[in-house]
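Be aware that the sequence shown starts at 13, since it is given in this note's numbering, and climbs by one per residue. We put the beta carbon where it would ideally sit given N, CA and C, even for glycine.
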Amino acid sequence: MRCRRRSVYMNNTQELFNKRILREGLKPNLCAALLIFIYAAFFIYLRLRQLPWAVLIVAVIVVFAEFVFSPLTNSILTKKLTARITDWRNGGTYDYADRTALFEDIMEFPFKKAFQTFVYFSICATLMALGYHFVPAMGIDWKTDAMSYAACLFGSYNAGLFTLAYSERVCSEYAEELVRQGIDEKYAEEKKQFGLHLRLRCVLYLILPVLFTGVLVFLVLCQGYGSINGYVPTPLMQIGRMAGICFVNMFLCCFLGYLFYRQITASTVRLCSMLTEVLEKKSSAVFVPTSICDRMQYNIYLLNGIIFQFRELFVKNADVSAAVRKDSADLSEITGNFSSTSLEQSAGVKEIVTTMEDSNALSRNISGRISNVAAGAEETTKEVASGVGILQQNVSQLQELNRSNTEITEGIRLLSTRIDGVRDIVNSIDDIADQTRIIAFNAELEAVRAGAAGRNFHIVAAEIRRLADSTMKSTQEIRQRIEDVRNASRELVSVSGNGTACIADGMHMAGELDAHFNGIKASADVTSEKSAEIARIIEQQTEAFNQIVVTLRQISSGIDNFTESTAMINTAAAEMEKQAARLSGLQHETEHAEEI
13 MRCRRRSVYM
23 NNTQELFNKR
33 ILREGLKPNL
43 CAALLIFIYA
53 AFFIYLRLRQ
63 LPWAVLIVAV
73 IVVFAEFVFS
83 PLTNSILTKK
93 LTARITDWRN
103 GGTYDYADRT
113 ALFEDIMEFP
123 FKKAFQTFVY
133 FSICATLMAL
143 GYHFVPAMGI
153 DWKTDAMSYA
163 ACLFGSYNAG
173 LFTLAYSERV
183 CSEYAEELVR
193 QGIDEKYAEE
203 KKQFGLHLRL
213 RCVLYLILPV
223 LFTGVLVFLV
233 LCQGYGSING
243 YVPTPLMQIG
253 RMAGICFVNM
263 FLCCFLGYLF
273 YRQITASTVR
283 LCSMLTEVLE
293 KKSSAVFVPT
303 SICDRMQYNI
313 YLLNGIIFQF
323 RELFVKNADV
333 SAAVRKDSAD
343 LSEITGNFSS
353 TSLEQSAGVK
363 EIVTTMEDSN
373 ALSRNISGRI
383 SNVAAGAEET
393 TKEVASGVGI
403 LQQNVSQLQE
413 LNRSNTEITE
423 GIRLLSTRID
433 GVRDIVNSID
443 DIADQTRIIA
453 FNAELEAVRA
463 GAAGRNFHIV
473 AAEIRRLADS
483 TMKSTQEIRQ
493 RIEDVRNASR
503 ELVSVSGNGT
513 ACIADGMHMA
523 GELDAHFNGI
533 KASADVTSEK
543 SAEIARIIEQ
553 QTEAFNQIVV
563 TLRQISSGID
573 NFTESTAMIN
583 TAAAEMEKQA
593 ARLSGLQHET
603 EHAEEI
């Protein structure tokens, strides 16, 4: 139905505004002229011999008025407005202010057109009254002619109201399209209506017609006591004439009242139809055409604004639901990635914990071996001191010294072997430190991949790598010390060999042997001190490994908690996506209803 009205409107608006107004007014004007003639003829009791001349006079006046005078006045009245409407309909540049000005001029036109119709009908009534009086075949006296003129003025007033009705209908179509395209909302809210006020309509359609008919009835009653058009009717004829005039007056008053009622209820019916369509189709794509000619039409204009806001709300709701669905899907994907990554990190951390525990056990083993090395070094020191004492007490017992020297040589070789074992241990520590450094580097990479959640893990991994670097540096120092000890051992073996070869020299070599034994004692002291230092370093490394293991266990527990939180976030994201899909479904249902 709405599409059909739109099609009719487009067909009508292809016609120029002035031609359409002239065409729409042709039939009402001719009907009004015929009604005025019959009403006036009945009012003044026109005789049969006067009827042909009266018809001729009225026909000449009507033809001249309707086909000469009316087109001329219509062209003058509608020329500028027609040009503006044509320019607007042809796609001219019209902003809100221009459309509002055009809209206001269109809504003011019906009253101007109605007043023009009343004026030229009044002029025609004047010409008819003059023709009735001055045409010899008519010969109507001034008194009767004045009564005819009064009846014609009432008819002219009705013709003006008919013109007001059809011109409002025509102008409303253009006004509704302008409102649809958009006018100045602030000005519309300030003025609230652009047509005739309801009070003025009540006066025009109800009060003034009653006053007119009252005056006419009074004139008819006054005529009842004298002659009419040179003829004195019988009382029965006079009563019938009065009854007919009263009936016509009542019919005109009722018809004007019906026009007034239809104009008031048209907006209400249109509003009810729109609300029914909204409720039945559950559609927000409803626009009720309105010309804002009165308060009811203004209420429809406000309701259209409310519906438009609801429509925008539905569109925004659809956009928000689509965004929520997209974000929920992205969040689900991210949390899924986080969950898998956290599981991988948890497994990696647990593997690191196992490795660190193994390293801790190895460190304790190394600590035990270093303790044995220190004990051996102390024992060597004591033996060297005993040898020096024996050498000082009994130089003559060279053979005993030879035996003791042989034992010392074997002890030195044993020490060298043990030192080689220490070197192997140091190499093992170096390998462990290198592996620890690699593990710490991988842990740093995992922490960087985890982002903000792996910040603490990144710090711990950096500390582990720093400790591994420190351990490697310490092992380098230990290796250097061991090399020194090995060199000293080799030198001692060489000296011992020379001492064995030179025992035969006797006392001459005893002093040198004593000096060499003193050097051996000093080297043994150094070896003992270095062994104690190595034991202390290994103990510190063991404590550090214990702390690292505890920290990694805490990190593993935190990653497990993070995995659980990620699972909860994933569940919440799935629920959000479900709700967004529900909102989107509601929007699709609304759009489907609008299409229907």
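Asked                                                                                                                                                                         : Found
Expressed to the nearest angstrom, what Euclidean distance is found between the alpha-carbon atoms of Asn439 and Thr429?                                                      : 15 Å
Locate the alpha helix (DSSP H) running through Arg41, then write down its first and last residues.                                                                           : The sequence shown places Asn at residue 41, not Arg. Here the alpha helix (DSSP H) through Asn41 covers Phe29 to Phe55.
Along the alpha helix (DSSP H) that carries Arg96, what are the first and last residues, could you check?                                                                     : Ser82 to Arg101
For Val281, does the count of other Cβ atoms within 10 angstroms reach 16, so buried, or fall short, so exposed?                                                              : exposed
Have a look at Thr367, Ile420 and Thr366 and flag the residue whose alpha-carbon is nearest the alpha-carbon of Glu391.                                                       : Ile420
Should Pro221 be labelled buried (16 or more other beta-carbon atoms within 10 Å of its own) or exposed?                                                                      : buried
Excluding sequence positions up to five away, which residues of its chain have a Cβ less than 7 Å from the Cβ of Met13?                                                       : Annotation note: pLDDT 40 at Met13 (below 50); position unreliable, coordinate value reported separately. Excluding residues within five positions, none has a Cβ falling inside 7 Å.
Which value, in whole angstroms, describes the spacing of the CA atoms of Val227 and Ile257?                                                                                  : 12 Å
Under 9 Å, Cβ to Cβ, is there at least one residue of chain C near Ser87?                                                                                                     : The displayed structure is made up of one protein chain only, and chain C is not part of it.
Taking the CB atoms as reference points, tell me whether Phe115 and Ile195 lie closer together than 9 Å.                                                                      : yes
Which value, in whole angstroms, describes the spacing of the CA atoms of Val67 and Ala162?                                                                                   : 19 Å
Indicate the three-state DSSP secondary structure (helix, strand or coil) for Tyr273 in the structure shown.                                                                  : helix
What separation, rounded to the nearest whole angstrom, lies between the Cα atoms of Met22 and Val75?                                                                         : The pLDDT assigned to Met22 is 42, lower than 50, so where the model puts this residue is not dependable; a value taken from the coordinates is nonetheless given after this. C-alpha separation (whole angstroms): 32 Å.
Quick check: the Cα distance between Asp117 and Asn86, rounded to an integer number of angstroms?                                                                             : 15 Å
Leaving aside the five residues before and after Leu28 along the sequence, list all residues of the same chain whose C-beta is less than 7 Å from its C-beta, in chain order. : Thr94 and Thr98
Taking the beta carbon of Thr487 as the centre, do at least 16 other beta carbons fall within 10 Å, making it buried, or is it exposed?                                       : buried
Are the beta-carbon atoms of Ala187 and Phe206 separated by less than 9 Å?                                                                                                    : yes
What's the C-alpha gap between Lys203 and Ala113?                                                                                                                             : 13 Å
At what residues does the alpha helix (DSSP H) containing Ser132 begin and finish?                                                                                            : Here the sequence assigns Tyr to residue 132, which means Ser is not the residue at that position. Taken as a continuous stretch (DSSP letters only), the alpha helix (DSSP H) holding Tyr132 covers Tyr108 to Phe146.
Give the straight-line distance between the Cα atoms of Lys31 and Leu218, rounded to the nearest whole angstrom.                                                              : 31 Å
In angstroms with no decimal places, state the Cα-to-Cα distance between Met262 and Tyr270.                                                                                   : 12 Å
Please report the straight-line C-alpha distance between Glu422 and Ile567, rounded to a whole angstrom.                                                                      : 53 Å
Could you check what DSSP says for Ala149 in three-state terms: helix, strand or coil?                                                                                        : coil
So the candidates are Glu189, Ile437 and Thr138; which of them puts its Cα closest to the Cα of Arg111?                                                                       : Glu189
Have a look at Leu216 and Cys183 and give me their C-alpha separation to the nearest angstrom.                                                                                : 19 Å
Please list the terminal residues of the continuous alpha helix (DSSP H) segment that includes Ile626.                                                                        : Outside the displayed range of the chain (13 to 608) lies residue 626, so it cannot be described from this structure.
According to the Cβ coordinates, are Met140 and Ala44 closer than 9 Å?                                                                                                        : no
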